[in-house]
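A.B. asks: Heads up: the sequence shown begins at 26 in my numbering, then just goes up one per residue.
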Amino acid sequence: MTAAATPDILSDEFALDPYRAYRQMRNDEPLIRQEQGVPGYIISRYEDVQRAFNDDTFTTANYDWQLEPVHGRTFLQMSGREHQVRRALVAPAFRGRELQEKFLPVIERNCRELIDTFRHAGEADLVAQFATRFPINVIVDMLGLDKADHARFHSWYTAIIAFLGNLSQDPEVTERGLRTREEFAAYMIPIIQRRRDHPGDDLLSTLCQAEIEGTRMSDEDIKAFCSLLLTAGGETTDKAIAAMFANLIDHPDQLEAVRQDRSLIARAFAETLRFTPPVHMIMRQPSEDVKLSGGVVPAGSTVICLIGAANRDERKYTNPDSFDIFRPELKETTASTAAAGHLAFALGRHFCVGALLAKTEVEVATNQLLDAMPDVRLAEGFRPQEKGVFTRGPASLKVRFTPVG
Ligand code: HEM
């Protein structure tokens, strides 16, 4: 019997079904030297990816070339106090009282407005008509920007995510990303300048007034901050909502259980993040040589951490390839904190600052969607297909339902 060829993360075959390749990687090739496209080392086992997120030897210097050319410099690239101070500027808006009292009504209103556009139709594409709009509308509202510009925001964050995940170094993707930086700056800088003179009760005004070590942030810094929030908060939650509905519709018993007992939404969200994480890969650059399963990664090289593979590691989960909201390993109460078992929000100092916002958005969306679509099912003949290698989720989700009332 000949050994299977090393999986190629740039191939069409991989894009069609990465999970089969992930299994082979974890079991036979836990460290793969990637020569084509972005050169680096691919890791796939849970313990290795977990270590890459937790161990400060693994720096985020990769974002200097992966994001800075389109965003400008953001706190994702930073470490130590520089990172902490900037993260602390937005963190309160994404958790606790500020989230519950100030932003929960914004989330609920945005959700209802979108569902109103299709609740009487009996049919919808939950990706195009809901998931790609809802999280971005929420963050746009939180920043105090204009939701009427949705089409622009959507095209910008899609271009930024494509730049971030440009594994094959496609020049067109690079060029579109760089153009986005200019377009976004031309849009944002005048708004930032006006908001400095006339602050409101929104997140952008908070950033305009914030002082870091006694100094106000520059327009460019604030613009980069907003670009990060729009991208990180849009693309990811969008894919999480779509994937969660696709997973539940594919498992009618579990869908029914969630419909009957809404406290199970937290479990369904956590299992969706494990089984079909919105972000499948995150990179790191170790500052020293590091020993991982399968060999040593030299200092300064790029490590491609496969969250999608680690979350299905059979060393960590029983029956990892099945979607089961009742699996005993799930810690639904901590699923949106760094104590979560899955790695979908990463770990360590860059653990997703928007995790609780995402959880709140998903809970509100699931409750309202299930109320509006009591017998939601796939449209006749439609099968959802996941798309994407870096970020991944259903490309569309056509459903039918009996309108209520
Ligand atoms: C289900 C939805 C989400 C997923 C799966 C997700 C995933 C992630 C991951 C994997 C990271 C770590 C990146 C790294 O370490 O290199 C991260 C960081 C981050 N996320 Fe999220 N995210 C989600 C929702 C959100 C939302 C709603 C926001 C809010 C705007 C947000 C804002 C951020 C920011 C600003 C960071 C950088 C944190 C830091 O560097 O300290 N995310 N996210």
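No residue lacks a Cβ here, since even glycine has one placed at the ideal position from N, Cα and C.
Just so it is clear, the structure is predicted and the values come from calculations on it, not from any experiment.
Threshold first: 4 residues or longer. Then list the alpha helix (DSSP H) segments lying entirely within the segment 151-207, N to C.
C.D. replies: List check, alpha helix (DSSP H) in window: 159-168 and 175-189.
A.B. asks: If you draw a straight line from the C-alpha of His276 to the C-alpha of Gly319, how long is it?
C.D. replies: Numbered from 1 along the sequence shown, position 251 holds the residue referred to as residue 276. Numbered from 1 along the sequence shown, position 294 holds the residue referred to as residue 319. When rounded, the distance between both Cα atoms is 37 angstroms.
A.B. asks: Determine the direct distance from the alpha carbon of Val95 to that of Asn87, and round the result to whole angstroms.
C.D. replies: Translated into the one-based positions of the sequence shown, residue 87 becomes position 62. Translated into the one-based positions of the sequence shown, residue 95 becomes position 70. Roughly 13 angstroms separates the two Cα atoms.
A.B. asks: Can you tell me where the beta strand (DSSP E) with Pro311 in it begins and where it stops?
C.D. replies: Taking the first residue of the sequence shown as position 1, residue 311 is located at position 286. Per DSSP, Pro311 belongs to the beta strand (DSSP E) from Met306 to Pro311.
A.B. asks: Just to check, is the beta-carbon of Arg112 closer than 8 angstroms to a non-hydrogen atom of the ligand HEM?
C.D. replies: Along the sequence shown, one-based indexing puts residue 112 at 87. Yes, the Cβ of Arg112 comes within 8 angstroms of a heavy atom of the ligand HEM.
A.B. asks: How is the beta strand (DSSP E) around Val328 delimited, first residue to last?
C.D. replies: Here residue 328 is taken as the residue at index 303 of the sequence shown, counted from 1. Unbroken beta strand (DSSP E) run through Val328: Val328 to Leu331.
A.B. asks: Taking Leu331 as the reference, which of Thr31, Pro55, Ser36 and Pro160 has the closest Cα?
C.D. replies: As a position in the sequence shown, residue 331 is number 306, starting the count at 1. Ranking Thr31, Pro55, Ser36 and Pro160 by Cα distance to Leu331 puts Pro55 first.
A.B. asks: I want to see whether chain C comes within less than 9 angstroms of Arg45, judged by CB atoms only; does it?
C.D. replies: In summary, chain C is missing from the structure at hand, where a single protein chain is found.
A.B. asks: Could you check where the alpha helix (DSSP H) with Gln279 kicks off and where it finishes?
C.D. replies: For the purposes of this step, residue 279 is taken as the residue at position 254 of the sequence shown. Counting along the chain, the alpha helix (DSSP H) containing Gln279 begins and ends at Pro277 to Gln285.
A.B. asks: Heavy atom of the ligand HEM less than 8 angstroms from the Cβ of Gly379, yes or no?
C.D. replies: By 1-based counting over the sequence shown, the position of residue 379 is 354. It does: the Cβ of Gly379 is within 8 angstroms (strictly closer) of some heavy atom of the ligand HEM.
A.B. asks: According to DSSP, is Gln393 part of a helix, a strand, or is it coil?
C.D. replies: By one-based count along the sequence shown, residue 393 stands at place 368. The answer is helix: DSSP assigns Gln393 an H, G or I state.
A.B. asks: Alpha carbon to alpha carbon, how far is Arg120 from Thr385?
C.D. replies: Sequence index remark: in the sequence shown, residue 120 carries index 95 (1-based). Sequence index remark: in the sequence shown, residue 385 carries index 360 (1-based). Going from the Cα of Arg120 to the Cα of Thr385 covers about 10 angstroms.
A.B. asks: Would you call the segment 240-251 in contact with the segment 127-135, where contact means no fewer than 3 C-beta pairs closer than 8 angstroms?
C.D. replies: Flag = no, the segment 240-251 and the segment 127-135 do not touch.
A.B. asks: Can you find a heavy atom of the ligand HEM that lies under 8 angstroms from the Cβ of His108?
C.D. replies: Here residue 108 is taken as the residue at index 83 of the sequence shown, counted from 1. Under cutoff, so the answer is yes.
A.B. asks: Tell me the DSSP secondary structure of Leu35 in three-state form.
C.D. replies: Counting from 1 along the sequence shown, the entry for residue 35 is found at position 10. Coil at Leu35, not helix or strand.
A.B. asks: For the alpha helix (DSSP H) that Gln49 lies in, which residues bound it at each end?
C.D. replies: The residue given as residue 49 occupies position 24 in the sequence shown. Run containing Gln49: Pro43 to Asp53, per the alpha helix (DSSP H) assignment.
A.B. asks: Just verifying my parser: in three-state terms, what is the DSSP assignment at Val321?
C.D. replies: For the purposes of this step, residue 321 is taken as the residue at position 296 of the sequence shown. Three-state result, Val321: strand.
A.B. asks: Using C-beta distances below 8 angstroms, list every residue in its chain close to Arg402, excluding the 5 sequence neighbours before and after it, in chain order.
C.D. replies: Numbered from 1 along the sequence shown, position 377 holds the residue referred to as residue 402. The answer, listed in chain order, is Ile274, Val424, Arg425 and Phe426.
A.B. asks: For the candidate residues Ala335, Arg309 and Ala334, whose alpha-carbon lies nearest to that of His328?
C.D. replies: The sequence position of residue 328 within the sequence shown is 303, counting from 1. The residue asked about is misnamed: residue 328 is Val in this sequence, not His. Checked all of Ala335, Arg309 and Ala334; the closest Cα to Val328 is Arg309.
A.B. asks: To the nearest angstrom, how far is it from the Cα of Ala113 to the Cα of Pro43?
C.D. replies: Within the sequence shown, numbered from 1, the residue matching residue 113 stands at position 88. Within the sequence shown, numbered from 1, the residue matching residue 43 stands at position 18. Using only the alpha carbons, I get a separation of about 36 angstroms.
A.B. asks: How big is the Cα-Cα spacing for Ala116 and Gly379?
C.D. replies: Position 91 of the sequence shown holds residue 116. Position 354 of the sequence shown holds residue 379. Straight-line Cα distance between these residues: approximately 8 angstroms.
A.B. asks: Is any heavy atom of the ligand HEM found at a distance shorter than 8 angstroms from the C-beta of Thr157?
C.D. replies: Residue numbering aside, residue 157 sits at position 132 when the sequence shown is read from its first letter. No.
A.B. asks: Helix, strand or coil for Arg425? Go by DSSP, reduced to three states.
C.D. replies: Translated into the one-based positions of the sequence shown, residue 425 becomes position 400. Of the three classes helix, strand and coil, the one that applies to Arg425 here is strand, per DSSP.
A.B. asks: Out of Phe294, Gln59, Met213 and Arg340, state which residue places its alpha-carbon closest to the alpha-carbon of Arg48.
C.D. replies: Numbered from 1 along the sequence shown, position 23 holds the residue referred to as residue 48. For the residues Phe294, Gln59, Met213 and Arg340, the minimum Cα distance to Arg48 belongs to Arg340.
A.B. asks: Does Thr41 pass the burial test, meaning 16 or more other C-beta atoms within 10 Å, or should it be called exposed?
C.D. replies: To locate residue 41, count along the sequence shown from 1; it is residue 16. The question names Thr, but residue 41 is Leu in the sequence shown. Per the 10 Å Cβ criterion, exposed.
A.B. asks: Comparing alpha-carbon positions, which option in Arg58, Leu228 and Leu422 lies nearest Lys264?
C.D. replies: In the sequence shown, counting from the first residue as 1, residue 264 sits at position 239. Checked all of Arg58, Leu228 and Leu422; the closest Cα to Lys264 is Leu422.
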